[in-house]
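Just so you know, the sequence shown maps onto residues 0 to 165 in numbering that gives the first Met the number 0. The beta carbon of each residue, even a glycine, is placed where N, CA and C say it ideally should be.
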Amino acid sequence: MKEFILLAVLLICLGVSASAQKSKADPAKDIRAAFDTLIDGIKNSDVEKVMSVYEKSDRTLFFNNNGTATIGWETMKSNRERLYSKTSNVTLETTGVRVEVLSPTVAYVSCKWKQTQDYDGKPESASGRMTLVFKKIGKDWKVVHLHTSPDAPDANRPVMPSERES
0 MKEFILLAVL LICLGVSASA QKSKADPAKD IRAAFDTLID GIKNSDVEKV MSVYEKSDRT
60 LFFNNNGTAT IGWETMKSNR ERLYSKTSNV TLETTGVRVE VLSPTVAYVS CKWKQTQDYD
120 GKPESASGRM TLVFKKIGKD WKVVHLHTSP DAPDANRPVM PSERES
């Protein structure tokens, strides 16, 4: 009888441990899902889908591909509504996607990207690198900062002497 009780307790403990491990979500998987939602939203010029991935805050910060900065969720939403209404035929390819979980509530995603689209009836293309800082807010991972850099920046932009190629 004593062995039976010990075996029953052991099996219950093992069952609880296994179900606890199953219930723990892989944060990298959840972050990647949020990133994929963002990319899908961009490909479909879907402002609501894109903006759902960002923290709805006036502190959300975007360093744009053209060297400008946009501060605040509302400002970025307005910009995207204006731009997406003139955008069609979007293709967006991301490569080298890397998800780094820094803590239970902070992570970043980095990748290279290449995008083509028609804007106001004219073809455009660009490519570069992107880093997105994610913060876990409630149960959701939200982007709080986006930084994009072009592959081919304007040759006339100021470059510090220490960064010039010899």
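Which class does arginine 97 belong to by DSSP, given the choice of helix, strand or coil?
-> strand
Report the three-state DSSP secondary structure of lysine 28 (helix, strand or coil).
-> helix
If you drop the 5 nearest sequence neighbours on each side, which residues of the same chain put their C-beta closer than 6 Å to that of threonine 86?
-> Ser44, Gln116, Tyr118
Which of helix, strand or coil does DSSP assign to asparagine 78?
-> helix
Through-space distance from phenylalanine 62 to arginine 31, alpha-carbon basis = 21 Å
Whose C-beta lies closer than 8 Å to the C-beta of lysine 21 among residues of the same chain, with five residues either side of it excluded?
-> Only weak support exists for where lysine 21 lies, its pLDDT of 43 falling under 50; the coordinates are left without a value.
Anticipated Cβ contact below 8 Å, tryptophan 72 with threonine 93, distance rounded | So it is not a contact: roughly 23 Å between Cβ atoms.
Rank Asn64, Lys42, Ala33, Phe34 by C-alpha distance to the C-alpha of glycine 127 and give the top, closest one.
-> Asn64
What residue does the beta strand (DSSP E) around valine 108 start on, and which one ends it?
-> 105-118 is the span of the beta strand (DSSP E), which, as asked, contains valine 108.
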